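Number of protein chains: 2
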Amino acid sequence: MTTVNALSEVAALMGDPARAAMLSLLMDGRAHTASDLALAAGVTAQTASGHLGRMTEANLLAARAQGRNRFYRLASGDVAHAIESLMALAGTRAQPASRSAAWRRDPDLRFCRTCYDHLAGQVGIAVTDSLTQHGHLEPKGSHDWKLTASGELFCARVGVDLAGARQTTTRHFARQCLDWSERRPHISGALGSAIADTFFKKGWAEKLRRGRTVRLTDSGRRALARDFGASV
Amino acid sequence: MTTVNALSEVAALMGDPARAAMLSLLMDGRAHTASDLALAAGVTAQTASGHLGRMTEANLLAARAQGRNRFYRLASGDVAHAIESLMALAGTRAQPASRSAAWRRDPDLRFCRTCYDHLAGQVGIAVTDSLTQHGHLEPKGSHDWKLTASGELFCARVGVDLAGARQTTTRHFARQCLDWSERRPHISGALGSAIADTFFKKGWAEKLRRGRTVRLTDSGRRALARDFGASV
DNA sequence: ATGACCCTTCGGCGTTCACCGAACCATTGG
DNA sequence: CCAATGGTTCGGTGAACGCCGAAGGGTCAT
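Residue numbers (the working numbering), protein chains in the order written: chain A, 1 to 232; chain B, 1 to 232.
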């Protein structure tokens with residue numbers, strides 16, 4: 001009974017078009033101002049404020065005041081994961097015709113994007129597949145991965161900050177996150193975040209100014225081939 | 001953006017308390033009747049029908065008519081995954097299978113009964129599972145089974161009158177029939193009837209005087225273990 | 001201070017949608 | 001045949017909620 005109410009309440013929060021637009025923008029993992037989110041949702045500031053308050057109240061968002069602005073971000077990776085799962089469902093809703101139409105509309109987003117703080121899309125899947133195929137990563141249960149001994153060596157060689165990822169105790173270490181465009185799980189959690197950080201820090205990838213789209217640089221493409229044995 | 005609208009639409013479907021209650025019940029992975037779901041949601045049959053129609057339309061549920069009943073189940077594991085992700089946000093977990101009042105009203109009926117002319121209940125499912133797990137039977141489409149070459153040999157060895165079953169041209173040969181109590185398909189059609197006949201002819205099972213309840217004899221229990229590799 | 005900017009709270013309006021009563025098919029059993 | 005059961009469709013009603021205008025409280029500049 002309680003669990004049912006909780007399900008409907010959180011789903012109803014995501015079920016409003018304005019709130020969904022806000023959440024969609026926040027899927028880039030960055031913090032956005034209230035007015036920025038109002039603009040993205042196509043509503044006035046008052047309306048947006050109400051939405052943001054409710055979502056913060058429900059622990060979907062985390063708020064932080066800074067000067068005159070108020071910044072909102074997704075409260076946790078779990079929230080991003082749930083949103084991604086729902087998007088995966090939405091992708092299967094209308095099968096072939098409208099799928100290919102909506103599919104081609106944003107090929108860059110499909111190719112590489114941030115999902116909260118880790119990589120998603122073809123690149124995210126390529127990284128994950130490389131790790132599993134080389135035995136660095138193994139499925140553990142239905143929601144997690146296990147980093148093997150060879151995986152630890154691999155991280156050290158490539159420069160992934162494993163120690164930093166292990167420091168956070170409040171967070172899942174290696175999580176399976178269902179990719180909405182590829183429809184297969186990619187690596188998320190603290191490890192997924194650390195891997196993404198490596199990509200950004202080494203200049204292998206860079207976030208575009210607007211949206212969740214990520215551009216894979218030439219050196220990133222070479223790194224994928226050299227270190228991961230993958231091509232995209 | 002198309003993906004935003006799709007997100008809000010699917011989330012809004014889950015956001016209604018009545019629909020959430022239905023989905024929560026369906027998380028047990030089984031198929032449930034429309035009235036069962038109406039009861040679980042605490043709404044009338046008309047209201048439930050509307051909800052179920054909308055969720056089926058959106059490919060969240062799959063419907064299958066059987067006799068007077070209409071069985072609904074989650075359309076895919078992805079749907080279950082998304083629901084579970086949403087439940088995780090509220091810190092609660094999917095509830096295990098809940099036993100209704102009708103469930104324990106007649107344990108014998110649940111154990112073994114006739115469904116028209118073939119076996120149903122735990123025994124019917126055990127027989128069907130044995131055949132599929134040994135590669136004798138394969139799903140064909142969404143309503144039929146295919147009897148493999150090894151399945152033909154198995155029938156000959158156990159004494160199922162395959163030739164007689166093949167004679168009837170007016171009837172489906174190997175049909176999937178959704179089990180009322182187990183909520184999974186068991187074998188029906190001419191082949192299911194022939195298998196049941198074998199059980200009755202060899203004294204493995206006998207129909208009780210009244211009702212559809214069937215009693216599995218001791219020799220039937222041994223035959224299940226010996227010939228089918230199953231235990232109930 | 002004064003204005004400009006950002007955000008929130010309040011109140012009233014309008015649309016949406018979940019709900020049920022009633023009536024209408026379909027299947028089954030006697 | 002008819003009665004019983006399960007399910008759906010239709011129409012009207014009521015409440016919930018998203019929306020904006022107006023007003024108020026912070027924060028930063030000049």
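Every residue, glycine too, gets a C-beta built ideally from N, C-alpha and C. Bear in mind the structure is a predicted one, so any value in this text is a computation, not a measurement.
Specify, as a first and last residue, the run of the beta strand (DSSP E) that residue i falls within.
| i | result |
| --- | --- |
| D179 of chain A | Neither: D179 of chain A is in no beta strand (DSSP E) and is coded neither H nor E. |
| C115 of chain A | 113 to 115 |
| D144 of chain A | 144 to 147 |
| H118 of chain B | 118 to 120 |
| L74 of chain A | 69 to 74 |
| R209 of chain A | Here R209 of chain A belongs to no beta strand (DSSP E), and DSSP marks it neither H nor E. |
| R240 of chain A | What the structure shows of chain A is the stretch from 1 to 232, and residue 240 of chain A is not part of that stretch, so it cannot be assessed. |
| L137 of chain A | 137 to 140 |
Could you name the residues of chain B that residue i contacts, counting a contact when the two beta carbons are closer than 9 Å?
| i | result |
| --- | --- |
| S85 of chain A | D78, H81, A82, I83, E84, S85, L86 |
| R16 of chain A | According to the sequence shown, residue 16 of chain A is Asp rather than Arg. What D16 of chain A touches in chain B: S8, A11, A12, G15. |
| L178 of chain A | D78, H81, A82, S85 |
Less than 8 Å between the CB atoms is what I'm expecting for residue i and residue j, so what's the real figure, rounded?
| i | j | result |
| --- | --- | --- |
| K224 of chain A | V214 of chain A | The amino acid at residue 224 of chain A is misidentified as Lys; the sequence shows Leu. About 13 Å; that fails the 8 Å criterion. |
| I125 of chain B | H186 of chain B | 5 Å |
| M14 of chain B | A11 of chain A | 4 Å |
| R73 of chain A | A62 of chain A | 6 Å |
| A194 of chain A | G164 of chain A | 6 Å |
| T217 of chain A | G203 of chain A | 6 Å |
| A21 of chain A | A40 of chain A | 5 Å |
| N59 of chain A | A75 of chain A | 5 Å |
Please classify residue i as buried or exposed, where buried requires at least 16 other C-beta atoms within 10 Å of its C-beta.
| i | result |
| --- | --- |
| Q122 of chain B | buried |
| E182 of chain A | buried |
| Q176 of chain A | buried |
| G189 of chain B | buried |
| R110 of chain B | buried |
| R113 of chain B | buried |
| S142 of chain A | exposed |
| L153 of chain B | exposed |
| D179 of chain A | buried |
| S8 of chain B | buried |
| G192 of chain A | buried |
| E206 of chain A | exposed |
| G159 of chain A | exposed |
| S150 of chain B | exposed |
| G135 of chain A | exposed |
| T44 of chain B | exposed |
| E84 of chain A | buried |
| A65 of chain A | exposed |
| S24 of chain A | buried |
So which residues on chain A does residue i lean against when the C-beta distance must stay under 8 Å?
| i | result |
| --- | --- |
| V4 of chain B | P17, A20, A21, S24 |
Grouping DSSP H, G and I as helix and E and B as strand, with all else coil, what is residue i?
| i | result |
| --- | --- |
| A97 of chain B | Because A97 of chain B sits at a pLDDT of 39, beneath the cut-off of 50, its placement in the model cannot be relied upon, and the point is left open. |
| K202 of chain A | coil |
| H81 of chain A | helix |
| R64 of chain B | strand |
| T128 of chain B | helix |
| H51 of chain B | helix |
| T33 of chain B | strand |
| A11 of chain A | helix |
| S193 of chain B | helix |
| R171 of chain A | coil |
| A102 of chain B | Note on A102 of chain B: pLDDT 39, under 50, position unreliable in the model; no value is reported. |
| S150 of chain A | helix |
| T92 of chain B | Confidence is the limiting factor: at T92 of chain B the pLDDT is only 36, short of 50, which leaves the residue's position unreliable, though a coordinate-based value still follows. T92 of chain B: coil per DSSP, three-state reduction. |
| M1 of chain A | Any answer about M1 of chain A is weak, because its pLDDT of 47 lies below 50 and its placement is not dependable; what the coordinates show is given next. It is coil, neither helix nor strand. |
What residues from chain A crowd round residue i, counting only those whose CB sits closer than 9 Å?
| i | result |
| --- | --- |
| A90 of chain B | T2, T3, N5, A6, L7, E9, V10, A58, N59 |
Looking at the unbroken alpha helix (DSSP H) that takes in residue i, where does it start and where does it end?
| i | result |
| --- | --- |
| F228 of chain A | 218 to 228 |
| R166 of chain B | 162 to 167 |
Is the beta carbon of residue i within less than 6 Å of some heavy atom of the ligand NAP?
| i | result |
| --- | --- |
| G229 of chain B | Absent from the structure shown: the ligand NAP. Ligands present: none. |
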